[in-house]
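Residue 177 in this note's numbering is what sits at position 176 of the sequence shown, and the numbering runs on without skipping anything. First up is the structure itself, then whatever we jot down about it.
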Amino acid sequence: MGVQAVQFVIAIAVGIALTQLGNLATTVYLHRDLAHKAVQLHPALRSIFKVFLWMATGISARQWAAVHRKHHAYTDTSEDPHSPARLGWLRVQLTNAALYRRSARDPRTTERYAKDIPVTAPDRWLLNRGIIGLALGIAILIWWLGVVPGIVAVGVHTVGYIGLGGSVNGVAHTFGRRPFDNSATNVTWLAWLTCGEGYHNNHHAAPTSARFARRWHDFDLGWWFISVASMLGLARIRHANVDALASRTTTSVQV
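Below, the structure written as structure tokens:
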């Protein structure tokens with residue numbers, strides 16, 4: 002195998018690794034901590050995730066939480082920012098990022114759904130400027146891997162992260178199992194690729210559970226990370242039992 006081929010393989014591997022790190026940061030920090038407060042991460046861990054996501058995705062943490070909370074408030078209705086029931090799963094799959102941006106850029110979204118999330122000085126000065134974070138992240142990859150391999154890694158990460166996010170919002174509201182009586186679904190293969198996000202029916206049944214999986218052998222990497230962080234004193238878990246929380250609000254319809 003030539004040098005260029007090795008560089009290409011390394012670039013793809015780096016892109017895949019960044020995709021999975023992005024998924025882990027999204028599910029643990031943005032989703033389970035910030036949006037639903039199912040777990041409280043140590044401030045240092047929050048900062049690491051926040052800065053990483055800023056450079057890897059350009060996402061504003063506050064906007065992400067607001068859009069997601071709106072999704073839960075209006076799941077699969079005309080007000081849902083990315084509902085396949087309204088738009089079709091394929092459109093959500095292909096245009097999820099654009100649908101997210103449309104809702105995130107509406108100031109009414111953050112005003113209503115992120116009142117409890119403060120805007121910090123670093124947010125105002127830097128972290129709300131996603132283009133700067135993305136430019137810095139791309140520059141680091143190009144400096145590290147070289148121009149062409151760096152661009153390849155960026156491309157793999159972009160397609161992977163955006164594509165899997167679209168699958169959670171599209172596929173996991175259309176295909177799969179529904180153990181609980183809600184419109185989301187459990188898609189096992191997607192859970193493996195998204196650190197547990199594919200157990201979406203479970204999550205909609207018990208949004209404040211830090212654990213999305215119900216069985217010990219279900220692959221919920223986000224929960225495993227939180228469990229280890231808790232043992233190290235880096236996280237405080239509020240709730241972690243899907244069935245106990247779901248029994249208060251919904252019904253199990255399938256084992």
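We put the CB at the ideal spot given by N, CA and C, even for glycine.
{"query": "V10 (DSSP reduced to helix, strand or coil)", "result": "helix"}
{"query": "Proximity winner among G131, R130, A154, relative to Q21 (alpha-carbon distances)", "result": "A154"}
{"query": "Reduced DSSP secondary structure (H/G/I, E/B, other) of L42", "result": "strand"}
{"query": "Through-space distance from V93 to A122, alpha-carbon basis", "result": "34 Å"}
{"query": "Classification of I132 by the beta-carbon crowding that lies within 10 angstroms, buried from 16 upward", "result": "exposed"}
{"query": "Residue nearest to N242 in terms of C-alpha spacing, selected from F213, A230, Y114, D221", "result": "F213"}
{"query": "Exposure of A18, with buried meaning 16 or more beta-carbon neighbours within 10 Å", "result": "exposed"}
{"query": "Anticipated Cβ contact below 8 Å, R33 with G223, distance rounded", "result": "6 Å"}
{"query": "Stretch-stretch touch, CB-based, cutoff 8 Å, three pairs: the region 30-49 with the region 79-97", "result": "no"}
{"query": "I238 (DSSP reduced to helix, strand or coil)", "result": "strand"}
{"query": "Spatial distance of Q255 from A140 (CA atoms)", "result": "Residue placement at Q255 cannot be trusted, given a pLDDT of 37 that sits under 50; the coordinates are not used to answer."}
{"query": "Touching by the beta-carbon criterion (3+ pairs, under 8 Å), the region 190-197 and the region 161-179", "result": "yes"}
{"query": "Residue closest to R216, alpha-carbon to alpha-carbon, out of N203, A67, K71, F226", "result": "N203"}
{"query": "Top-ranked residue by Cα proximity to R47, from A245, A247, L235, D244", "result": "L235"}
{"query": "Given D221 as reference, the closest of Q5, T28, A12 once Cα atoms are compared", "result": "T28"}
{"query": "Inter-residue Cα distance where the pair is L246 and A206", "result": "8 Å"}
{"query": "Cutoff 6 Å; reference N24; Cβ partners in own chain excluding five residues on either side", "result": "T195, C196"}
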